[in-house]
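There are 2 protein chains.
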Amino acid sequence: MEFQLTAKDPHSHARAGLLTTDHGTIQTPIFMPVGTVGSVKALNQQQLTDAVKAQIILGNTYHLYLRPGTEILEAAGGLHRFIGWDRPILTDSGGYQVFSLSNNRKLKEEGALFQSHIDGSKHLFSPEKVMDIQRSIGADIVMAFDECTPYPAEYDYAKKSMELTHRWLARCIHHFDQTMPLYGYSQSLFPIVQGSTYQDLRKASAEYVASMHADGNAIGGLSVGEPEALMYEICALCCEHLPEDKPRYLMGVGTPWNILENISLGVDMFDCVMPTRNGRNGMLFTSKGIINIKNKKWATDFSLIDEGLDNNISNYYSKAYLRHLFIAGEFLALQIASIHNLSFYLQLVTEARAHILQGDFQRWKQEMIPLLKTRL
Amino acid sequence: MEFQLTAKDPHSHARAGLLTTDHGTIQTPIFMPVGTVGSVKALNQQQLTDAVKAQIILGNTYHLYLRPGTEILEAAGGLHRFIGWDRPILTDSGGYQVFSLSNNRKLKEEGALFQSHIDGSKHLFSPEKVMDIQRSIGADIVMAFDECTPYPAEYDYAKKSMELTHRWLARCIHHFDQTMPLYGYSQSLFPIVQGSTYQDLRKASAEYVASMHADGNAIGGLSVGEPEALMYEICALCCEHLPEDKPRYLMGVGTPWNILENISLGVDMFDCVMPTRNGRNGMLFTSKGIINIKNKKWATDFSLIDEGLDNNISNYYSKAYLRHLFIAGEFLALQIASIHNLSFYLQLVTEARAHILQGDFQRWKQEMIPLLKTRL
Numbered sequence: 301m302e303f304q305l306t307a308k309d310p311h312s313h314a315r316a317g318l319l320t321t322d323h324g325t326i327q328t329p330i331f332m333p334v335g336t337v338g339s340v341k342a343l344n345q346q347q348l349t350d351a352v353k354a355q356i357i358l359g360n361t362y363h364l365y366l367r368p369g370t371e372i373l374e375a376a377g378g379l380h381r382f383i384g385w386d387r388p389i390l391t392d393s394g395g396y397q398v399f400s401l402s403n404n405r406k407l408k409e410e411g412a413l414f415q416s417h418i419d420g421s422k423h424l425f426s427p428e429k430v431m432d433i434q435r436s437i438g439a440d441i442v443m444a445f446d447e448c449t450p451y452p453a454e455y456d457y458a459k460k461s462m463e464l465t466h467r468w469l470a471r472c473i474h475h476f477d478q479t480m481p482l483y484g485y486s487q488s489l490f491p492i493v494q495g496s497t498y499q500d501l502r503k504a505s506a507e508y509v510a511s512m513h514a515d516g517n518a519i520g521g522l523s524v525g526e527p528e529a530l531m532y533e534i535c536a537l538c539c540e541h542l543p544e545d546k547p548r549y550l551m552g553v554g555t556p557w558n559i560l561e562n563i564s565l566g567v568d569m570f571d572c573v574m575p576t577r578n579g580r581n582g583m584l585f586t587s588k589g590i591i592n593i594k595n596k597k598w599a600t601d602f603s604l605i606d607e608g609l610d611n612n613i614s615n616y617y618s619k620a621y622l623r624h625l626f627i628a629g630e631f632l633a634l635q636i637a638s639i640h641n642l643s644f645y646l647q648l649v650t651e652a653r654a655h656i657l658q659g660d661f662q663r664w665k666q667e668m669i670p671l672l673k674t675r676l
Numbered sequence: 301m302e303f304q305l306t307a308k309d310p311h312s313h314a315r316a317g318l319l320t321t322d323h324g325t326i327q328t329p330i331f332m333p334v335g336t337v338g339s340v341k342a343l344n345q346q347q348l349t350d351a352v353k354a355q356i357i358l359g360n361t362y363h364l365y366l367r368p369g370t371e372i373l374e375a376a377g378g379l380h381r382f383i384g385w386d387r388p389i390l391t392d393s394g395g396y397q398v399f400s401l402s403n404n405r406k407l408k409e410e411g412a413l414f415q416s417h418i419d420g421s422k423h424l425f426s427p428e429k430v431m432d433i434q435r436s437i438g439a440d441i442v443m444a445f446d447e448c449t450p451y452p453a454e455y456d457y458a459k460k461s462m463e464l465t466h467r468w469l470a471r472c473i474h475h476f477d478q479t480m481p482l483y484g485y486s487q488s489l490f491p492i493v494q495g496s497t498y499q500d501l502r503k504a505s506a507e508y509v510a511s512m513h514a515d516g517n518a519i520g521g522l523s524v525g526e527p528e529a530l531m532y533e534i535c536a537l538c539c540e541h542l543p544e545d546k547p548r549y550l551m552g553v554g555t556p557w558n559i560l561e562n563i564s565l566g567v568d569m570f571d572c573v574m575p576t577r578n579g580r581n582g583m584l585f586t587s588k589g590i591i592n593i594k595n596k597k598w599a600t601d602f603s604l605i606d607e608g609l610d611n612n613i614s615n616y617y618s619k620a621y622l623r624h625l626f627i628a629g630e631f632l633a634l635q636i637a638s639i640h641n642l643s644f645y646l647q648l649v650t651e652a653r654a655h656i657l658q659g660d661f662q663r664w665k666q667e668m669i670p671l672l673k674t675r676l
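Chains as they are written, first to last, in our numbering: chain W, 301 to 676; chain L, 301 to 676.
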């Protein structure tokens with residue numbers, strides 16, 4: 301994996317770059333649609349490339365381990381071949397899901413014991429096990445196994461949690477280095493900064509992570525309930541202590557304005573379920589503001605969903621039709637809303653990149669943010 | 301509307317034709333995907349044209365009247381514009397749904413009183429009202445309001461039901477002739493033959509319907525629980541007494557082999573929810589036979605869903621991946637299965653047409669039917 305910084309914004313820490321993997325080059329800053337269990341919910345892979353213009357998607361280790369399982373993934377020749385996706389993939393390590401989804405989870409030095417949310421079967425995720433699973437999945441970028449410290453956390457808990465994440469990181473790196481990719485292309489391991497909202501912990505964690513000289517680095521444990529201002533403050537601090545010549549990935553963030561603000565702090569990669577999950581609930585992010593498409597006011601609005609978007613969905617179907625599909629409970633509603641929102645997110649980061657290259661990112665961002673937050 | 305008979309099979313009553321509407325020409329025999337409430341479930345309109353190659357789709361008067369309602373449809377400029385579909389549309393009259401879906405329905409000479417299955421509101425569907433609604437919807441082909449006689453029916457009930465359908469038909473035609481299309485293109489009204497499984501009633505009904513000299517004629521009240529042999533016998537009798545120079549539409553039929561058998565009896569048009577509904581339950585019709593894709597045997601079958609189909613879904617995704625999507629409860633499963641099955645139905649009627657033109661339809665049909673019924 302190679303990361304090339306193409307441009308830096310003169311008035312912020314925003315950067316434009318090129319991240320090259322064996323499955324192709326990603327233009328950063330980038331948003332990565334979430335394909336939890338081998339599918340970005342409600343769309344197919346051709347729609348992801350052609351309409352959404354996704355450059356990289358996410359998979360989730362916890363979900364893929366439970367279904368279809370590593371045996372089937374290995375028999376298929378890895379996740380790319382299994383799902384028919386030849387662009388880059390990143391897999392989340394599953395730490396977050398073990399604590400948010402599974403039952404009877406128990407944190408130990410060895411790893412996390414948990415019961416499947418599907419059938420109650422018992423499993424242990426250790427750093428070594430999670431590396432092995434991610435070898436079987438075969439993502440281009442694999443994440444270290446961490447504890448995503450909940451918010452709020454007492455200082456002592458946050459410190460112990462961070463230290464555990466650091467010890468697990470060392471084991472992840474050791475095991476990853478001892479194993480080989482299974483499918484003939486290379487994989488990169490990204491460590492994760494934790495430390496809750498405590499500046500000294502975050503600084504220590506970012507410095508520890510930086511000392512690993514990984515191909516890229518992630519910031520975890522943000523956008524978990526803390527105020528936005530605090531997220532930005534902690535993210536800025538992490539970016540400051542993470543290497544400038546490596547991509548920075550802010551996990552699980554966020555709203556369109558969160559993304560622009562964090563780009564200005566030096567973040568290069570984002571993922572979030574918001575565009576798909578909120579889309580499925582009828583919330584649309586558009587170039588004129590936020591729409592609740594189920595609202596009666598759209599019932600006879602025959603204007604396009606968003607003519608500003610270059611895809612054959614947002615500039616083909618009307619708001620009135622999409623509202624009708626939601627009210628009638630049609631599956632097509634979910635498909636259209638998901639494609640629209642993801643397309644909007646991808647266009648947003650693409651425009652952000654263009655403005656970084658032009659040198660007017662900061663001014664553009666200040667103009668965009670009130671627009672993005674407008675409720676129509 | 302014009303119907304041109306292009307070829308007749310020398311060894312059966314199968315015909316190939318061209319049905320020209322103001323929204324384009326349909327090659328018959330044809331299968332029409334069902335888009336009940338303005339959406340063929342789980343796919344978008346581009347997928348319907350590009351992958352499925354649908355030439356005409358169905359809408360349903362009962363559903364569209366309740367949601368979004370005629371006011372919104374008229375404001376949109378009709379169903380075609382509302383849903384973004386510029387090929388032909390046929391609307392079912394709603395008689396079937398009133399009796400299968402609504403509550404507290406009551407049949408009177410005037411029409412059918414019923415309560416909405418959505419909110420319990422009370423409505424009257426009369427022949428005149430149903431013609432008005434179908435003017436508002438603006439389908440190219442609109443159906444007469446009938447009572448779909450349930451099976452089995454006593455002779456007396458079937459006779460009275462048929463006579464009511466005939467009286468309603470006269471009112472439909474009268475009212476339709478007194479009103480104008482709303483959107484600048486023409487609409488054709490198809491009457492429906494009823495008479496249950498009684499030969500004399502079916503003959504009388506077909507003769508009555510034929511005497512109306514409509515642009516096309518439909519056969520209703522079949523595939524409602526009667527044995528297949530009886531369906532074919534009644535269908536053959538109806539075809540015999542319906543005009544040869546007008547298209548014949550067999551409503552709500554059926555399995556792939558039902559379609560081939562009825563084509564050989566002289567039917568030109570079909571619709572059925574089977575490809576989409578069964579698809580959503582994991583039942584796939586393929587060129588090698590029927591698959592229950594949820595079955596464990598497909599878990600590691602990485603072969604394509606159906607390489608014999610010319611679309612970018614069936615010959616792109618594997619059986620193992622589609623099974624995984626079903627087991628994991630992903631929306632994409634429904635999209636893929638629906639596109640696949642509809643594409644299979646459309647390819648089947650397209651091949652049937654080619655064989656009619658070649659003159660070897662009957663031989664081909666005999667070879668195909670055992671294959672279509674095979675359970676893999």
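Quick reminder that beta carbons are idealized off the backbone N, C-alpha and C, glycines included.
Host beta strand (DSSP E) of residue i (start-end)
{"i": "L/F585", "result": "M583 to T586"}
{"i": "W/I357", "result": "I357 to N360"}
{"i": "W/K406", "result": "N403 to L407"}
{"i": "L/L413", "result": "A412 to Q415"}
{"i": "W/R548", "result": "R548 to L550"}
{"i": "L/S488", "result": "S488 to F490"}
{"i": "W/L390", "result": "I389 to D392"}
{"i": "W/I519", "result": "N517 to I519"}
Extent of the continuous alpha helix (DSSP H) to which residue i belongs
{"i": "W/F445", "result": "That residue, W/F445, is in no alpha helix (DSSP H); it is neither H nor E in DSSP."}
{"i": "L/E428", "result": "P427 to I437"}
{"i": "L/A652", "result": "F631 to Q658"}
{"i": "L/W598", "result": "No alpha helix (DSSP H) holds L/W598; DSSP gives it neither H nor E."}
Residue(s) in a DSSP beta bridge with residue i
{"i": "W/R675", "result": "W/I590"}
{"i": "W/A351", "result": "DSSP, once it has assigned bridges, lists no residue as partnering W/A351."}
{"i": "L/G317", "result": "L/L305 and L/T328"}
{"i": "L/L464", "result": "According to DSSP, which records beta bridges pairwise, L/L464 is partnered with nothing at all."}
{"i": "L/N344", "result": "Looking at the DSSP assignment, L/N344 forms no beta bridge with any residue, so it has no partner."}
{"i": "L/F570", "result": "L/F331 and L/L550"}
Residue closest to residue i, alpha-carbon to alpha-carbon, out of the options
{"i": "L/F382", "options": "W/A620, W/H640 and W/T370", "result": "W/A620"}
{"i": "L/H513", "options": "L/M531, L/L489, L/Y645 and L/T449", "result": "L/L489"}
{"i": "L/S393", "options": "L/Q658, L/H380 and L/G438", "result": "L/G438"}
{"i": "W/Y532", "options": "W/I559, W/T449, W/P670 and W/S511", "result": "W/I559"}
{"i": "L/T449", "options": "L/I519, L/A510 and L/Q415", "result": "L/I519"}
{"i": "W/G554", "options": "W/K673, W/S339 and W/N360", "result": "W/K673"}
{"i": "L/T328", "options": "L/K308, L/I433, L/H417 and L/S614", "result": "L/K308"}
Residues that residue i contacts on chain L, provided the C-beta gap is smaller than 7 Å
{"i": "W/V337", "result": "A628 and E630"}
{"i": "W/H323", "result": "Correct list: empty, because the minimum Cβ distance to chain L is about 18 Å."}
{"i": "W/Y617", "result": "G384"}
{"i": "W/T600", "result": "I372 and A375"}
{"i": "W/L609", "result": "By Cβ distance, chain L contributes nothing, its closest Cβ being about 15 Å from W/L609, past 7 Å."}
Cross-chain neighbours of residue i in chain L, by beta carbon under 9 Å
{"i": "W/I605", "result": "Per Cβ cutoff of 9 Å: no residues; W/I605 is ~11 Å from chain L at best."}
{"i": "W/A620", "result": "P368, I372, A375, A376 and F382"}
{"i": "W/F644", "result": "Those within 9 Å of W/F644 in chain L number zero; the least Cβ separation is about 17 Å."}
{"i": "W/H624", "result": "V337, G338, S339, R367, P368, I372, F382 and I383"}
Cβ-Cβ separation, residue j to residue i (assumed contact under 8 Å), whole Å
{"i": "L/L364", "j": "L/P333", "result": "About 16 Å; that fails the 8 Å criterion."}
{"i": "L/H541", "j": "L/A510", "result": "6 Å"}
{"i": "L/F445", "j": "L/V430", "result": "4 Å"}
{"i": "W/S316", "j": "W/L625", "result": "As written in the sequence, residue 316 of chain W is Ala, which differs from the Ser given in the question. Contact flag wrong, Cβ pair sits at about 37 Å."}
{"i": "L/N611", "j": "L/S643", "result": "5 Å"}
{"i": "L/H313", "j": "L/S564", "result": "6 Å"}
{"i": "L/L522", "j": "L/C539", "result": "With a Cβ gap of about 12 Å, L/L522 and L/C539 do not count as contacting."}
8 Å Cβ cut-off: residues of chain W touching residue i
{"i": "L/K694", "result": "Residue coverage of chain L in this structure runs from 301 to 676, which leaves residue 694 of chain L outside it and unanswerable."}
Contact set between residue i and chain W, taken where Cβ atoms lie within less than 9 Å
{"i": "L/A439", "result": "Those within 9 Å of L/A439 in chain W number zero; the least Cβ separation is about 17 Å."}
{"i": "L/I636", "result": "N344"}
Chain-ordered chain W contacts of residue i [CB-CB under 7 Å]
{"i": "L/N612", "result": "Q346"}
Chain-ordered neighbours of residue i on chain L, where CB pairs are closer than 8 Å
{"i": "W/T361", "result": "Near W/T361 there are no residues of chain L at all, since even the closest Cβ is about 15 Å away, more than 8 Å."}
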